[in-house]
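**Student:** What follows is a single structure, and I will ask about it in a moment.
Protein chains in written order, with this note's numbering: chain A, 3 to 346; chain B, 3 to 346; chain C, 3 to 346; chain D, 3 to 346.
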């Protein structure tokens with residue numbers, strides 16, 4: 003099976019390359035990029051010396067259409083055009099950008115400040131939060147792979163929303179991410195001397211992942227409304243932690259909630275519910291497709307705190323994309339994703 | 003004027019030494035420690051080679067009583083004993099531990115798991131949040147210097163609570179700190195290989211600064227009840243950011259709130275209100291006594307997000323202690339604290 | 003095949019666990035530790051939640067003797083006792099400590115400040131620098147796995163010494179390492195706040211890896227004498243870079259040297275010679291068993307600079323140990339070691 | 003006294019601003035920049051909120067000529083033009099670029115790949131290594147402020163060269179620097195995700211500071227020839243460590259060398275010779291103008307290892323520039339530079 007990686011020179015692209023090159027059902031990766039075409043991939047990424055012998059190709063729509071799978075790891079705004087051209091051809095498409103995730107007319111325009119993909123493309127795109135949408139993903143030809151923050155957030159909230167345990171109006175989401183989330187392009191906000199030994203908040207009330215989270219929450223609960231979602235930049239490369247707070251509808255102990263989470267995620271190999279009293283650190287999922295969750299009730303406030311961690315480039319991007327490919331192929335979901343976290 | 007630093011070999015102690023050695027009204031620092039007595043201070047802290055010629059003395063109560071000021075930078079539990087012995091003598095005492103902050107019987111026992119200081123000591127101890135308690139501090143002989151998280155949090159919330167702008171029940175406080183807050187003693191949780199490229203949450207619903215924050219909020223508002231307060235460890239050495247969320251009682255724009263904050267802190271040299279739309283990073287107060295604040299209303303949710311940053315070892319500990327000393331001496335509050343942040 | 007990991011709770015041990023758990027010829031890992039016996043491994047290392055179900059056993063010599071392979075990842079001083087008790091039994095032993103490396107009487111005593119292993123044990127122990135000693139390793143029952151610095155250094159120098167290209171008296175070795183090399187035990191020298199944003203030199207002229215390097219160099223060249231070898235602590239977790247300098251015997255271009263290196267390491271899958279003009283960063287081998295090398299001649303000085311990088315926990319410890327196990331088993335040397343570096 | 007900072011928006015410029023704003027003899031800083039003219043300085047550098055009220059001006063030669071001091075903190079290549087235009091006017095000029103340091107015709111062209119400043123400008127420019135050239139600096143009107151690496155290196159070598167203790171042909175200089183040395187301009191080589199948890203070597207045998215070091219060494223010793231000098235990027239913001247190695251001409255103990263260093267630098271307030279057996283870390287000079295030195299002889303090899311650390315932005319740039327200004331003004335050399343290192 004031959005797969006294409008479009009936007010191969012970005013961090014999402016190179017992580018797809020790491021995972022797909024070691025995937026037993028993938029014979030070869032074909033690398034595309036609109037900016038570095040013609041260059042040797044191992045020169046772009048010297049850690050691949052001796053491992054990659056590919057050159058980066060320009061965008062070649064017709065060739066891509068004939069592949070088995072095409073992963074779009076290009077910026078939002080670019081992706082929708084490619085997705086449209088690839089639709090209805092041989093290649094199944096997994097889009098890692100934000101272009102195909104928002105279904106409500108006007109939302110993309112509001113949050114992404116650009117024109118939305120056409121409704122027929124949006125209509126075909128299945129939201130690829132694997133643990134939640136596995137059945138639809140299996141039949142899909144086009145996947146809107148979730149954003150990194152929505153993945154960690156929604157997996158943390160699913161049991162509470164589906165079982166109607168919290169008051170949706172009370173939800174607060176405080177997210178923290180490492181700097182690889184900003185991509186490979188150099189900028190002052192990701193310059194080492196400005197970010198090391200620094201902690202910043204950004205896009206306050208304006209992060210484009212806000213409507214993506216809201217859209218899913220509304221599917222789960224008719225009470226769900228606008229949420230408070232903020233994001234912080236942590237001086238580390240990989241990893242997301244989302245800390246969530248909500249009022250419990252009824253009184254509930256940590257142990258009861260823990261049991262619900264365990265049973266909710268029992269058959270989901272990539273979600274690990276931590277023992278009562280233990281909370282995950284981001285490094286404990288480093289390099290893997292795991293999402294680790296903890297939950298704790300506070301009887302003083304009748305509120306619950308949920309902690310969710312992922313590796314933003316794996317479960318938050320490339321890993322979940324491969325997990326979706328596995329589902330679409332009818333493979334065991336963990337195929338090619340059996341990594342142990344690198345620790346320390 | 004001679005001042006004593008007890009617990010001089012910890013990070014709070016050495017930061018006091020940096021500030022007091024360059025304070026125009028301080029002639030000399032006398033250094034005490036129960037663990038490293040007799041050692042040369044510059045050997046303990048080689049960055050002071052050629053700057054410090056002091057040896058560290060053992061705890062000597064009688065000598066301390068005759069000093070002008072004594073700073074207690076020892077762990078909670080130890081401090082209350084020393085404070086008691088120093089009371090009513092010549093030396094004014096500034097206690098940086100948590101021992102003298104909680105006034106409500108039973109709270110210290112619950113959160114610090116030890117026996118509280120006697121009520122007469124507690125009764126004399128003025129809570130040293132300078133911007134709020136300046137008048138009482140001026141007359142005090144014993145100061146309970148605030149905790150690092152309460153300092154950043156309470157300065158961020160004061161205008162909202164004093165002007166009754168938010169619903170106290172809705173308050174969520176998500177705090178993040180660098181690792182120097184854990185002190186100088188080596189432990190696995192502050193071991194480099196376990197903390198670098200890692201982000202962790204700790205003491206969920208159990209941090210001992212919780213009742214300290216609640217106590218002050220209750221003074222400001224009869225509606226204030228138990229709060230949700232969580233703390234995260236950031237892979238950096240210095241700096242605290244506290245992100246706070248609350249429901250607005252009435253609709254209010256960011257500009258209106260900004261104006262209120264500016265006028266509330268107009269005469270407070272160490273609180274900097276950032277322009278609308280700009281949020282502070284922790285590095286922007288590095289090494290200084292500043293507390294930088296931003297506030298933003300979200301019309302979608304009718305909620306407000308407040309961001310507060312400090313250097314945990316300066317405004318969160320040693321700097322505020324010196325600021326309090328200045329107030330007690332009738333000096334300009336900024337004496338000896340005119341540092342510019344080190345950037346980058 | 004069942005393998006034992008002694009000292010399983012240290013960083014070397016847990017890296018062995020990562021590699022061996024995913025090794026196709028290994029059925030199970032049995033974990034031993036003298037300090038944390040009885041505890042659940044996943045509690046010691048929460049990143050292994052759901053992956054490890056082992057408990058840590060106490061040291062059990064008789065059980066160990068019956069295993070197929072035993073890896074000793076215990077401190078120098080402890081290892082020699084265990085190695086002695088395991089000798090001549092079923093289990094083949096790979097010792098990751100420094101106990102069995104130095105063959106010259108008196109050297110261990112001088113550099114390790116303890117009593118050497120008995121000569122009969124030393125005599126059986128084959129120095130496990132795989133690329134150099136592959137034939138002897140194949141027949142060995144006891145391996146002295148090389149130190150992290152000697153591995154990077156000796157692979158960098160082998161072509162120059164074996165082909166008599168440099169003046170051994172001129173050799174200078176400036177080594178830099180991340181902090182995981184110091185192990186998991188907390189200490190002030192690996193405390194986050196003391197090491198982050200800091201760069202230190204340590205054990206100047208006294209590092210115990212010095213005689214290990216000298217011993218091998220003397221095997222290669224009768225002219226080799228005492229070397230200058232210094233080590234620096236870099237604020238990062240993993241990775242070693244060794245920068246080496248030596249006078250060329252005859253004038254030689256970078257291209258000529260490059261060709262020699264390429265041909266020297268042609269059949270060695272874990273040594274990557276970088277293209278002329280490109281130098282490796284430590285992150286480019288992160289998590290893998292690669293040793294990446296570059297060499298450059300300086301016509302101005304007629305000197306050569308050699309740069310060698312490894313992941314100290316993989317090629318510098320656990321990875322090379324597994325590579326040696328593969329050789330001893332007659333397997334392809336790369337079995338279970340096909341990792342791509344995690345980047346970024 | 004009014005001083006101008008040209009290139010004020012770079013890291014050298016903002017560090018000059020920090021030092022000069024707190025200098026007792028400086029009334030005001032006038033800020034110039036060719037790229038960000040018209041902008042508010044506090045917007046460029048939000049850590050200066052409330053501290054700086056200046057706007058950044060465009061380059062205005064005539065105005066600059068009338069100032070008391072002008073600091074040129076602009077890139078090499080730009081500086082020489084400005085220096086030329088300012089020569090012979092009221093303003094004394096301190097140039098922090100590499101443009102005026104190399105006196106031998108052809109060297110600038112070779113190492114900086116551009117046209118050298120005219121000989122009359124070069125002839126007037128005094129090399130501002132304060133500890134070495136104090137007398138000439140006192141009379142100078144134009145200073146070529148030394149590079150960061152040459153400062154640390156030359157202060158480390160001066161006693162050995164001036165007292166003819168080592169063989170110049172044997173000298174090896176292995177330098178390590180934090181990333182602020184690369185300036186504020188974003189680039190991939192200073193992108194957080196590419197540099198954190200990474201260690202790289204760069205400009206091997208090609209660093210433009212090589213001839214600057216050689217030029218001074220040749221002044222000290224007729225035997226001095228081309229040197230081996232390499233530079234490494236450390237994942238930290240500030241700090242340089244230079245490790246130097248050389249053969250001793252005669253046998254010499256560490257204690258003897260230590261005594262020579264102590265007496266050589268006895269009257270130099272910014273050079274701190276560490277006690278025998280103690281080596282400085284970069285963090286121990288953080289934010290200050292200190293250069294800390296250690297030296298150790300190795301009787302096994304009859305070689306000496308010298309370690310020198312500075313803060314690259316202070317003693318390696320802005321701090322030494324202010325020190326030179328103090329000398330030129332006949333002030334105490336430490337005026338405005340009495341900082342204690344920020345630690346931890």
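A virtual CB, placed ideally from N, CA and C, is assigned to each residue, including glycine.
For residue 210 of chain D, which option in D:151, D:199 and D:243 has the closest C-alpha, if you only look at C-alpha atoms?
**Tutor:** Among D:151, D:199 and D:243, the Cα nearest to that of residue 210 of chain D is on D:151.
**Student:** Go ahead and pull the three-state DSSP assignment for residue 327 of chain C.
**Tutor:** Residue state, collapsed to three classes: helix.
**Student:** Cβ of residue 160 of chain D less than 9 angstroms from any chain C Cβ?
**Tutor:** No, its Cβ sits nowhere closer than 9 angstroms to a Cβ of chain C.
**Student:** Just to confirm the assignment: which complete alpha helix (DSSP H) runs, minimum length 4, are found wholly within the region 196 to 278 of chain C?
**Tutor:** Complete alpha helix (DSSP H) runs here, min 4: 212 to 222 and 256 to 266.
**Student:** Quick one: what's got a C-beta closer than 6 angstroms to residue 65 of chain C's C-beta in the same chain, skipping five residues either side?
**Tutor:** Hits under 6 angstroms: none found.
**Student:** Let me know the secondary structure DSSP gives residue 305 of chain B once reduced to three states.
**Tutor:** Three-state DSSP puts residue 305 of chain B in a strand.
**Student:** How far does the beta strand (DSSP E) with residue 174 of chain A in it extend, from its first residue to its last?
**Tutor:** Residues 174 to 179.
**Student:** If you drop the 5 nearest sequence neighbours on each side, which residues of the same chain put their C-beta closer than 8 angstroms to that of residue 85 of chain B?
**Tutor:** Only 74, 95, 97, 101, 102, 119, 123, 127 and 144 meet the Cβ criterion.
**Student:** Under 7 angstroms Cβ-Cβ, which residues of chain D neighbour residue 176 of chain C?
**Tutor:** Going along chain D in sequence order, the residues near residue 176 of chain C (Cβ under 7 angstroms) are 176 and 245.
**Student:** Taking residue 343 of chain C as the query, report the chain A residues whose CB atoms sit under 7 angstroms from its CB, ordered along the chain.
**Tutor:** Within chain A, the residues near residue 343 of chain C are 49.
**Student:** Hey, does residue 180 of chain C have any beta-carbon neighbour from chain B nearer than 9 angstroms?
**Tutor:** Taking Cβ atoms only, chain B reaches closer than 9 angstroms to residue 180 of chain C, which makes this a yes.
**Student:** Just how far apart, CA to CA, sit residue 13 of chain C and residue 256 of chain D?
**Tutor:** Straight-line Cα distance between these residues: approximately 36 angstroms.
**Student:** Quick one: grab the DSSP three-state call for residue 59 of chain C.
**Tutor:** Of the three classes helix, strand and coil, the one that applies to residue 59 of chain C here is strand, per DSSP.
**Student:** Which of the three DSSP states, helix, strand or coil, is assigned to residue 35 of chain C?
**Tutor:** Looking at residue 35 of chain C - three-state DSSP - the assignment turns out to be coil, as it is neither helix nor strand.
**Student:** Mapping the DSSP letters down to three states, classify residue 348 of chain A as helix, strand or coil.
**Tutor:** There is no way to answer for residue 348 of chain A, as the model of chain A reaches only from 3 to 346.
**Student:** What distance in whole Å lies between the Cβ atoms of residue 285 of chain C and residue 345 of chain C, which are believed to be in contact at a cut-off of 8 angstroms?
**Tutor:** About 6 angstroms; that satisfies the 8 angstroms criterion.
**Student:** Can you give the beta carbon distance from residue 140 of chain C to residue 330 of chain C, rounded, assuming they're within the 8 angstroms contact cut?
**Tutor:** About 6 angstroms separates the two Cβ atoms, so the contact holds.
**Student:** Do you know offhand how far residue 291 of chain C's Cα is from residue 321 of chain C's?
**Tutor:** Spanning the two alpha carbons is a distance of roughly 6 angstroms.
**Student:** Closer than 8 angstroms: is that where the CB of residue 286 of chain D sits relative to any heavy atom of the ligand COA?
**Tutor:** The ligand COA is not among the ligands present in this structure, which contains no ligands whatsoever.
**Student:** Check whether the Cβ atoms of residue 178 of chain A and residue 245 of chain A lie closer than 9 angstroms to each other.
**Tutor:** Contact flag set, yes.
**Student:** Does the Cβ-Cβ distance between residue 337 of chain D and residue 25 of chain D come in under 9 angstroms?
**Tutor:** Yes, the Cβ-Cβ distance between residue 337 of chain D and residue 25 of chain D is below 9 angstroms.
**Student:** Do you know offhand how far residue 175 of chain C's Cα is from residue 180 of chain D's?
**Tutor:** Looking at the two C-alpha atoms, the distance is approximately 21 angstroms.
**Student:** Within the continuous beta strand (DSSP E) that includes residue 6 of chain B, where are the two ends?
**Tutor:** 4 to 8 is the span of the beta strand (DSSP E), which, as asked, contains residue 6 of chain B.
**Student:** Look at residue 311 of chain A and residue 201 of chain B and say whether their C-beta atoms are less than 9 angstroms apart.
**Tutor:** In this structure, residue 201 of chain B lies closer than 9 angstroms to residue 311 of chain A by Cβ.
**Student:** Evaluate residue 125 of chain C with the Cβ neighbour count: other Cβ atoms within 10 Å of its Cβ, from every protein chain shown; 16 or more gives buried, anything less gives exposed.
**Tutor:** Exposed is the call here.
**Student:** Is there a C-beta anywhere in chain D that falls below 9 angstroms from the one on residue 28 of chain B?
**Tutor:** So no, residue 28 of chain B is outside the interface.
**Student:** Using the rule of at least 16 other Cβ atoms within 10 Å of the residue's Cβ for burial, across every protein chain shown, is residue 325 of chain A buried or exposed?
**Tutor:** It is buried - the Cβ of residue 325 of chain A has at least 16 other Cβ atoms within 10 Å.
**Student:** Excluding five sequence neighbours on each side, which residues of the same chain lie with their C-beta closer than 8 angstroms to the C-beta of residue 197 of chain C?
**Tutor:** For residue 197 of chain C, where only same-chain residues beyond five positions count, the Cβ hits under 8 angstroms are 181, 191, 235 and 237.
**Student:** In angstroms with no decimal places, state the Cα-to-Cα distance between residue 8 of chain A and residue 287 of chain A.
**Tutor:** So the two alpha carbons sit approximately 26 angstroms from each other.
**Student:** What are the boundary residues of the beta strand (DSSP E) that residue 73 of chain B is part of?
**Tutor:** Segment 71 to 74, the beta strand (DSSP E) holding residue 73 of chain B.
**Student:** 9 angstroms is my cut-off, CB to CB: does residue 255 of chain A come that close to chain B?
**Tutor:** It does not: the Cβ of residue 255 of chain A has no partner Cβ on chain B nearer than 9 angstroms.
**Student:** Looking only at its own chain, which residues have a Cβ that is under 7 angstroms from the Cβ of residue 282 of chain B, when we skip the five neighbours before and after it?
**Tutor:** The answer, listed in chain order, is 276, 294, 296, 309 and 311.
**Student:** 9 angstroms is my cut-off, CB to CB: does residue 285 of chain C come that close to chain A?
**Tutor:** So, interface residue.
**Student:** With DSSP run on the structure shown, which of helix, strand or coil describes residue 28 of chain C?
**Tutor:** Reduced to three states, the DSSP call for residue 28 of chain C is coil.
**Student:** Relative to the C-alpha of residue 231 of chain A, which candidate in B:273, B:217, B:298 and B:165 has its C-alpha closest?
**Tutor:** Per the Cα distances, B:298.
**Student:** Which chain C residues are close to residue 241 of chain D, counting only those with a beta carbon under 7 angstroms from its beta carbon?
**Tutor:** In chain order: 201.
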